[in-house]
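If you're matching them up, the sequences are chains B and X in order. Just so we're aligned, residue 1 is where the first sequence starts under the numbering used here, counting upward by one. Just so we're aligned, residue 337 is where the second sequence starts under the numbering used here, counting upward by one. Heads up: the structure comes next, in structure tokens.
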Amino acid sequence: MFAFTIRRLLFAIPTLLAISFIIFAILDLAPSDPTGNLPLTISPEVRAQIRSSLGLDEPFPIRYLLWLKQFFINEPLNLIEGWTGWTLGDGERMRVTSWATRSPVVDLIIERMPQTLWVVGMSQVIAIVIAVPIGVISAYKQYSWFDQIGTFVSMVGFSIPTFFTGLVFIVLFSVHLQWFPSIYDTNHVIDSWDSFVFQIKQMIMPTMVLALATAAQLSRYMRASMLDNLQQDYVRTARAKGLTERVVVMIHVLRNSMIPVVTVIALNIPTIFGGAIITEQIFRVNGIGQLLIIGIQGADIPLVQTLTFIFAVLIVLFNLIADVLYGILDPRIRYE
Amino acid sequence: MRDTIAPLLDVAQLKTVFHTRSGAVHAVNSVSFSVAPGELVGVVGESGSGKSVTMMSLMNLLPRSAEIVGGEVLFEGRDVRAMNRAELLRLRGRDVGFVFQDPMTSLNPVFTVGRQITERLRKHMNMSKAEAKMRAAELLSLVGISDAARRLQDYPHQFSGGMRQRVVIAIALACDPKLLIADEPTTALDVTIQAQIIALVRDLRQKLDMGIVWITHDLGVVAGIADRVIVMYAGQIVEQGPVRELFARPQHPYTRALLETLPSVTGARSERLRTIEGQPPSLGGAPDRCPFAPRCAHTFGRCLTENPQRIEVGGGHDVACWWDPQTGEMRHV
Ligand SMILES: Nc1ncnc2c1ncn2[C@@H]1O[C@H](COP(=O)(O)OP(=O)(O)OP(=O)(O)O)[C@@H](O)[C@H]1O
Ligand code: SF4
Ligand SMILES: [Mg+2]
């Protein structure tokens with residue numbers, strides 16, 4: 001298992017290099033000019049100077065290699081320095097810099113990351129907590145009224161996009177009921193019980209929008225997997241041993257049913273980050289989704305490149321995590 | 337002899353129906369039989385005749401689409417269908433051992449074999465973890481698995497088909513059941529192991545006075561070990577009697593055909609029931625005629641209007657047929 005994981009990690013390197021090249025190449029083809037947003041009074045000579053200071057005079061392969069070096073060597077070294085307080089080399093290195101803000105892209109992302117992680121992470125936890133029991137009960141009581149309602153609700157949740165649920169939530173809970181703020185206060189500091197409660201309140205709506213969308217999907221997977229397992233022969237053997245229904249269903253059947261569902265959860269997580277882009281935009285959460293939108297609108301190529309690449313890393317990473325979890329949960333799978 | 341011993345299991349007029357998309361399937365149709373303590377009853381009948389469904393109906397281990405629509409199941413005089421949850425669980429866990437037909441899928445793939453045995457011991461024998469482990473290892477060696485203590489930690493997929501069948505047998509025997517229901521328990525085993533398992537079951541039956549229902553396609557096994565034979569056809573018991581008596585004087589045309597297709601009573605183990613000419617019956621509805629009529633060589637008019645009831649022909653032997661092989665005429669009942 002350990003050897004398998006290491007090997008898969010090594011395999012991920014060429015994959016990610018290929019992805020990084022494609023992302024870099026596609027975005028490089030886009031017509032964009034880092035000086036486009038500067039006042040018209042700035043002379044062409046100055047503009048050319050700015051471009052060359054950003055390294056844009058170099059031919060494409062050189063710029064790609066430079067970006068690689070910045071992203072894979074300079075930025076990690078910088079992070080290590082930041083965490084440990086050491087100084088590695090002269091501590092002066094070229095970083096991936098945003099065209100719009102002129103600050104290092106990685107710093108921007110690190111600043112935005114916690115909000116997104118909180119919203120996405122909480123939404124996943126809530127989704128699992130909602131979806132697993134619903135899936136289990138729906139399957140165990142197939143075609144009961146509980147199952148019928150569950151099916152209906154998850155179909156609805158499945159087919160309504162998050163921007164719509166988000167707006168419905170705002171209209172309902174912010175405008176009418178005034179329970180939760182409709183706009184996320186990004187400067188909010190938690191320093192007391194009340195401010196903590198406020199933080200929870202402002203997180204509830206964006207988190208729930210994502211959680212419900214995920215739960216709708218997950219509960220269907222859970223139900224299908226449980227139904228599949230409930231009719232397996234081993235269930236009859238377990239019952240014949242005189243085990244209670246609780247043990248039969250919650251231990252024997254559930255343990256088997258979780259195998260495909262855990263995989264789906266892991267594979268799904270990068271998609272949730274995608275979903276968070278829209279949700280963050282609606283609720284004005286200053287996470288990386290919002291950062292990406294700002295970057296796209298401002299044609300901030302380095303920022304968009306880096307964020308897109310981070311999404312790609314997430315997808316590759318969670319694919320690996322799904323495979324490893326599969327091997328852990330299913331004793332029949334042995335990776336050589 | 338049977339009348340003097342109170343039966344361990346007494347089944348009367350049991351009816352089980354599958355609700356399927358294409359209508360009701362009457363898989364078990366008014367089945368009545370009994371098993372005495374220490375008695376080994378062999379059940380034979382072609383594929384689809386309802387042997388497995390009958391046995392699953394006893395302890396209500398049926399799939400969801402099946403429903404028991406009538407009849408009575410008494411275990412030591414207690415009505416199983418009227419039992420509450422706890423009583424039924426205790427009966428299943430403690431008093432009855434089941435060996436299901438398909439050894440490849442009968443074990444849970446994600447738990448070790450040891451856990452699947454000890455689980456039962458801990459719940460129904462009140463054993464500690466260590467005691468249950470020891471007993472589980474003992475059971476595995478009993479069914480002929482070597483290096484038993486170590487193999488407890490293995491998962492089902494690490495065992496061959498025959499080994500898995502032996503694990504299932506070990507689970508069934510774990511709590512020294514009073515009744516063992518074995519659905520083709522030796523089909524996946526080679527001859528030596530089969531003989532070993534049969535010897536083991538015989539031995540336990542003596543020691544524990546265990547009643548046994550042994551479903552098989554192998555008439556050779558039946559002749560060798562059974563006290564009594566039940567012949568099933570189309571969800572019904574068509575003939576039943578002590579093994580010598582039934583083999584010597586088969587009454588029902590179906591039983592006779594079965595015995596004719598068998599080269600010799602003590603034939604090789606692979607001599608399974610050969611298919612008898614004609615289509616197997618459909619189980620669409622409660623029939624008002626003999627289900628064997630379309631394939632029978634002796635059909636009378638009455639066979640097509642009335643389903644024969646089982647009648648005693650002497651020596652604890654009964655048959656459900658209008659035809660009398662002694663006279664070649666219709667029975668006068
Ligand atoms: N899940 C099911 N749904 C519908 N009908 C079923 C189902 N299981 C069994 N049956 C029906 O019940 C009848 C009896 O099946 P059963 O498994 O008891 O036969 P059997 O005598 O054990 O055969 P075999 O020797 O092949 O094991 C079959 O004819 C089949 O049509
Ligand atoms: S009852 Fe009639 S049809 Fe049925 S087996 Fe006997 S003789 Fe044949
Ligand atoms: Mg069967």
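We put the beta carbon where it would ideally sit given N, CA and C, even for glycine.
Whole-number beta carbon distance between residue j and residue i, since they are thought to touch under 8 Å
i       : j       : result
I507(X) : Q452(X) : 6 Å
L461(X) : R500(X) : What sits at residue 461(X) in the sequence shown is Met, not Leu. That pair is no contact at about 23 Å.
T263(B) : A213(B) : Not confirmed; about 19 Å, so no contact.
G242(B) : G577(X) : Their Cβ separation, rounded to whole angstroms, is 33 Å, which puts G242(B) and G577(X) out of contact at 8 Å.
A276(B) : G289(B) : 5 Å
K514(X) : L344(X) : 6 Å
I533(X) : V479(X) : 7 Å
Q572(X) : V367(X) : 7 Å
H553(X) : V567(X) : Contact flag wrong, Cβ pair sits at about 12 Å.
V253(B) : M226(B) : 6 Å
Beta-carbon neighbours of residue i, restricted to chain B and to distances below 9 Å
i       : result
G429(X) : A240, K241, G242, L243
Y491(X) : P331, R332
R667(X) : The contacting residues do not exist; R667(X) stays about 40 Å from chain B at best.
N420(X) : Near N420(X) there are no residues of chain B at all, since even the closest Cβ is about 13 Å away, more than 9 Å.
H460(X) : K241, G242
Neighbouring residues, chain B, relative to residue i (Cβ below 8 Å)
i       : result
L516(X) : Residues of chain B passing the Cβ test: none, with the nearest at roughly 12 Å.
R456(X) : K241, G242, L243
R426(X) : G242
K465(X) : Going along chain B, no residue has its Cβ under 8 Å from K465(X), so there is no contact; the nearest lies around 16 Å.
I507(X) : T237, K241
Proximal residues of chain X, C-beta to C-beta of residue i below 8 Å
i       : result
Q232(B) : T441
H252(B) : N444, F447
beta-carbon residue i near ligand 1 non-hydrogen atom, thresh 6 Å
i       : result
P521(X) : no
V361(X) : yes
G407(X) : no
T356(X) : yes
G378(X) : no
S401(X) : yes
S368(X) : no
S219(B) : no
S393(X) : no
G498(X) : no
S442(X) : no
S383(X) : yes
heavy atom of ligand 3 below 6 Å from residue i C-beta
i       : result
T387(X) : At residue 387(X) the sequence reads Lys, which differs from the Thr that was named. Result yes, Cβ under 6 Å from ligand 3.
Q437(X) : yes
Cβ-heavy atom distance, residue i to ligand 2, below 6 Å
i       : result
A629(X) : yes
C511(X) : no
P589(X) : yes
T663(X) : no
T635(X) : yes
P586(X) : no
P644(X) : yes
W550(X) : no
W145(B) : no
Interface residues of chain B facing residue i [CB-CB closer than 7 Å]
i       : result
L475(X) : What L475(X) touches in chain B: nothing, since even the nearest Cβ is about 13 Å away.
P399(X) : Q231
Per-residue contacts from residue i into chain X (C-beta, under 7 Å)
i       : result
R236(B) : L397, F436
Proximal chain X residues relative to residue i, where beta-carbon distance stays under 9 Å
i       : result
R255(B) : N444, V446, F447
I176(B) : One point to set straight first is that residue 176(B) is His, not Ile, in the sequence displayed. The contacting residues do not exist; H176(B) stays about 45 Å from chain X at best.
Open item on the list: Tell me whether the stretch 243-260 of chain B and the stretch 216-228 of chain B touch, counting them as touching only if at least three CB pairs, one residue from each stretch, are closer than 8 Å.
Closed with: yes
Task: Touching by the beta-carbon criterion (3+ pairs, under 8 Å), the stretch 236-253 of chain B and the stretch 444-464 of chain X - done: yes
Task: contact_flag[the stretch 480-495 of chain X, the stretch 348-365 of chain X] where n(CB pairs < 8 Å) is 3 or more - done: no
Open item on the list: Assess contact between the stretch 319-335 of chain B and the stretch 119-129 of chain B, defined as three or more Cβ pairs (one per stretch) separated by less than 8 Å. Is contact present?
Closed with: no
Task: Stretch pair the stretch 385-394 of chain X + the stretch 538-554 of chain X: three plus CB contacts closer than 8 Å - done: yes
- [ ] Take every Cβ of the stretch 374-384 of chain X, pair it with every Cβ of the stretch 559-573 of chain X, and state whether three or more of those distances are shorter than 8 Å.
- [x] yes
Open item on the list: Tell me whether the stretch 415-427 of chain X and the stretch 242-251 of chain B touch, counting them as touching only if at least three CB pairs, one residue from each stretch, are closer than 8 Å.
Closed with: yes
Open item on the list: Please give the ranges of any alpha helix (DSSP H) in the stretch 521-555 of chain X, keeping only runs that are unbroken, at least 4 residues long and fully inside the region.
Closed with: 527-544
TODO: With a floor of 4 residues, list each alpha helix (DSSP H) that falls wholly inside the stretch 205-281 of chain B, ordered by position along the chain.
DONE: 233-240
Open item on the list: I'd like to know if the stretch 64-72 of chain B and the stretch 93-104 of chain B are in contact, where contact means that at least 3 CB-CB pairs between them fall below 8 Å.
Closed with: yes
Open item on the list: Would you call the stretch 187-204 of chain B in contact with the stretch 98-107 of chain B, where contact means no fewer than 3 C-beta pairs closer than 8 Å?
Closed with: no
Task: Segment contact flag, the stretch 486-498 of chain X with the stretch 408-426 of chain X, C-beta cutoff 8 Å, min 3 pairs - done: no
TODO: List in chain order: all unbroken alpha helix (DSSP H) runs of 4+ residues lying wholly within the stretch 405-458 of chain X.
DONE: 421-426
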